[in-house]
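Here's the structure, in structure tokens; my notes come after.
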Amino acid sequence: MESWQVSRRRFLAGVAGVAASASAGGVITALPAGAAPTGPPSQSPGALPPDVANDWIDVLYDVVLAEGLTPPNAARVYNYCTLAMYEAAVAGMPAHRSLGGQLSGLGALPLPRRGVPLDWPSAVSASVATVAGALFADASVSSRARIADAEAGQTGARRAAGVPAPLLAASREHGRRVGEALVGWLADDGFAGITGTPYAPPVGPDRWRSTPPNFGVAIEPHWGRVRPMVLRSALEVEPEPHVAFSVEPGSAFHDEALATYEASRVLTDEHRRIARFWTDNPRTSGLPSGHWLLIVTQVSRARALRLDTTLEAYARAGVALHDAFLNCWAWKYRINLVRPVSYILDHIDPGWSTFVNTPQFPEYTSGHSVASRSVATVLSDLLGTVAFTDESHLVRGMPARHFSSFFAAADEAAQSRLYGGIHFPMGIEAGKAQGDQVGALVVARLHTRR
Numbered sequence: 040m041e042s043w044q045v046s047r048r049r050f051l052a053g054v055a056g057v058a059a060s061a062s063a064g065g066v067i068t069a070l071p072a073g074a075a076p077t078g079p080p081s082q083s084p085g086a087l088p089p090d091v092a093n094d095w096i097d098v099l100y101d102v103v104l105a106e107g108l109t110p111p112n113a114a115r116v117y118n119y120c121t122l123a124m125y126e127a128a129v130a131g132m133p134a135h136r137s138l139g140g141q142l143s144g145l146g147a148l149p150l151p152r153r154g155v156p157l158d159w160p161s162a163v164s165a166s167v168a169t170v171a172g173a174l175f176a177d178a179s180v181s182s183r184a185r186i187a188d189a190e191a192g193q194t195g196a197r198r199a200a201g202v203p204a205p206l207l208a209a210s211r212e213h214g215r216r217v218g219e220a221l222v223g224w225l226a227d228d229g230f231a232g233i234t235g236t237p238y239a240p241p242v243g244p245d246r247w248r249s250t251p252p253n254f255g256v257a258i259e260p261h262w263g264r265v266r267p268m269v270l271r272s273a274l275e276v277e278p279e280p281h282v283a284f285s286v287e288p289g290s291a292f293h294d295e296a297l298a299t300y301e302a303s304r305v306l307t308d309e310h311r312r313i314a315r316f317w318t319d320n321p322r323t324s325g326l327p328s329g330h331w332l333l334i335v336t337q338v339s340r341a342r343a344l345r346l347d348t349t350l351e352a353y354a355r356a357g358v359a360l361h362d363a364f365l366n367c368w369a370w371k372y373r374i375n376l377v378r379p380v381s382y383i384l385d386h387i388d389p390g391w392s393t394f395v396n397t398p399q400f401p402e403y404t405s406g407h408s409v410a411s412r413s414v415a416t417v418l419s420d421l422l423g424t425v426a427f428t429d430e431s432h433l434v435r436g437m438p439a440r441h442f443s444s445f446f447a448a449a450d451e452a453a454q455s456r457l458y459g460g461i462h463f464p465m466g467i468e469a470g471k472a473q474g475d476q477v478g479a480l481v482v483a484r485l486h487t488r489r
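Right, here's the structure in full:
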């Protein structure tokens, strides 16, 4: 594990420098001024700070990074973990409702035992530790220890905050019961059936093939078989068709390739900073979905959101990211379009190289575009127009970037793929529209409020 991971919490926990603000009509709820950093036992999540949830996102980000998950699988893991946190505390959130019965295949989840008060941070921690432990059961010793240590640390912190032992035990039991129910549900999501399944990509001049410089195998070609959360099927949202393939100069397809090629020849320092900032590759980051959850973390800390709103934001973002990557990946391998680097090397410039290495999956559409616009739609619906400074990569030497809204960040993430040389403009723009549709369906179908 790189040394910068260890110091992530030190950089993100004290976000006095994170400038985040809501629009005048925003719906963000925050802790009263002067609220204590930890709450006494038995307070409702609406009166508690969000520390337990935010700290767990930091842990999960580092574990996903260390284990080198693929982009869609990272979104899957974050989704289940954020649901675990939300469902462990929702019984103590009178204005909110469980997602049992709303997500595909998910029934009613365990309720707290009647008449037994709970310490909600302890329940949240036990639930997410149970789910993360199952998801990373085959992970490295260090990653499994990180999860176990995080739960032990949270338990110790609640004990030090004055939570009596019987209350702590009852709260952890409730969290484990919720987590175990979610583990039973997620075991049937189709993931186990696609692991290690062979894939033979179709062959043709317009078809995707392994790309330089890595020339790896196709990443998650069968992901469309994974169960969606709120989408009716992995293919429910269909991207607009790409322009007809052609190698003829002057054709619409050739012009798309030229646009990517010419953009790479006029990159400014700012373009390069943007391309690097949003790369979010396996083993150098916690992937794009993790980046977006860190954005939620930073907004939560900077705005002093309550635990209930923070848990809701994570759960809704997790569902949006899961279904966005599912929908995008299903269409990527259904369309199977050639990447710009392959086309440009064949038909424009045999000596060309991209600024960012092309990942090993098809072109159409852009995953960054679909996922970013989907989660921006969901977060904007919940929190309003929020300006924020993103310090996610400060720990590895990248300067912070300021955004006027979630949509502004999403659009920069999408555009970064053109600067990197890894997408045609049409893949970026169609992906943004696709993400808007996925996000709108999440907003319409996922009901976290009563």
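My numbering applies: residue 40 is where the sequence shown begins, and numbers increase by one. Positions of the beta carbon are idealized from the N, C-alpha and C atoms, including for glycine.
The stretch 318-333 in contact with the stretch 464-480 per 3-pair CB rule at 8 angstroms: no
Q) Is it right to say aspartate 158 is buried, meaning 16 or more other beta carbons lie within 10 angstroms of its own, or is it exposed? A) buried
task = Determine the DSSP secondary structure at histidine 441, reduced to helix, strand or coil.
result = strand
Check your understanding: Over what stretch of residues does the beta strand (DSSP E) that includes aspartate 429 continue unbroken?
Key -> 425-429
What are the residues that DSSP puts in a beta bridge with serine 324?
Pro321
Review point. According to the Cβ coordinates, are valine 102 and alanine 189 closer than 7 angstroms?
Key: no
Q) If we count Cβ pairs, one from each stretch, closer than 8 angstroms, do we get three or more for the stretch 215-222 versus the stretch 187-205? A) no
Open item on the list: So for arginine 355, helix, strand or coil by DSSP?
Closed with: helix
- Message: Give me, in chain order, the residues of the same chain whose beta-carbon lies closer than 6 angstroms to that of threonine 349; leave out the 5 immediate sequence neighbours on both sides.
- Response: Pro89, Ala92 and Ser339
Tell me the residue span of the alpha helix (DSSP H) that contains isoleucine 383.
379-386
Exercise. Looking at the structure shown, is leucine 157 part of a helix, part of a strand, or coil, going by DSSP?
Worked result: coil
request  = Please say whether proline 260 and tyrosine 372 have beta carbons closer to each other than 7 angstroms?
outcome  = yes
Item checked: Supposed contact pair phenylalanine 364 and alanine 114 - C-beta distance, whole angstroms, cut 8 angstroms -> 4 angstroms
Open item on the list: Would tryptophan 262 and leucine 145 be called neighbours here (beta carbons separated by less than 7 angstroms)?
Closed with: no
Requested in this report: Under 8 angstroms by Cβ, that's how I've got leucine 122 and leucine 138 pegged, so tell me the actual separation to the nearest angstrom.
Outcome: 7 angstroms
Proximity to glycine 466 [Cα-Cα], best of Leu422, Phe292 and Asp347: Phe292
query = Cα separation between valine 305 and arginine 440?
reply = 22 angstroms
Classification of alanine 75 by the beta-carbon crowding that lies within 10 angstroms, buried from 16 upward: Low confidence applies to alanine 75: its pLDDT is 33, below 50, so where it sits in the model is not reliable, and the reading given next is rough at best. Exposed, because fewer than 16 other Cβ atoms sit within 10 Å of the Cβ of alanine 75.
Whose C-alpha, out of Gly192, Val358 and Arg378, is nearest the C-alpha of alanine 296? Arg378
Practice prompt. Under 8 angstroms Cβ to Cβ from isoleucine 233, same chain only, skipping five residues before and after it: list those, please.
Written response: Glu259, His261, Trp262, Arg264 and Val265
CB of phenylalanine 463 within 7 angstroms of CB of threonine 318, strictly: no
Spatial neighbours of glycine 65 within its chain, please: C-beta separation below 8 angstroms, excluding the five flanking residues on both sides. Only weak support is given to the placement of glycine 65: the predicted model assigns it a pLDDT of 34, under 50, and the value that follows is read from those uncertain coordinates. Counting only Cβ-Cβ distances below 8 angstroms, and skipping sequence neighbours, we find Leu422, Gly423, Thr424 and Val425.
### Message
Restricting to runs no shorter than 3 residues, where is the beta strand (DSSP E) found entirely within the stretch 90-150?
### Response
none
| Does DSSP put leucine 297 in a helix, a strand or coil? | helix
To the nearest angstrom, report how far apart threonine 109 and phenylalanine 400 are at their CA atoms.
11 angstroms
Among all the DSSP beta bridges, which residues are the ones paired with arginine 246?
-> Leu376
message = Please classify alanine 178 as buried or exposed, where buried requires at least 16 other C-beta atoms within 10 Å of its C-beta.
response = buried
> So, is phenylalanine 175 buried or exposed, given that buried needs 16 or more other C-beta atoms within 10 angstroms?
Replying inline: buried
The ligand NAP and aspartate 97: does any heavy atom of the ligand fall closer than 6 angstroms to the residue's C-beta? Although the ligand NAP was asked about, the structure shown includes no ligands whatsoever.
Leucine 344, DSSP secondary structure in three states | strand
Going by beta carbon distance, what residues of the same chain come within less than 6 angstroms of methionine 437, once the five residues before and after it are set aside? Phe316
Whole runs of the alpha helix (DSSP H) within the stretch 166-211, excluding any shorter than 4 residues: 180-199
Assuming alanine 314 and valine 335 are in contact, meaning their beta carbons sit under 8 angstroms apart, how far apart are those beta carbons, in whole angstroms?
Not really, about 23 angstroms apart at Cβ, beyond 8 angstroms.
- Terminal residues of the alpha helix (DSSP H) in which threonine 416 lies: 406-422
Bridge partners - arginine 488, DSSP secondary structure assignment:
His135
Is the Cβ-Cβ distance between leucine 433 and isoleucine 96 less than 7 angstroms?
no
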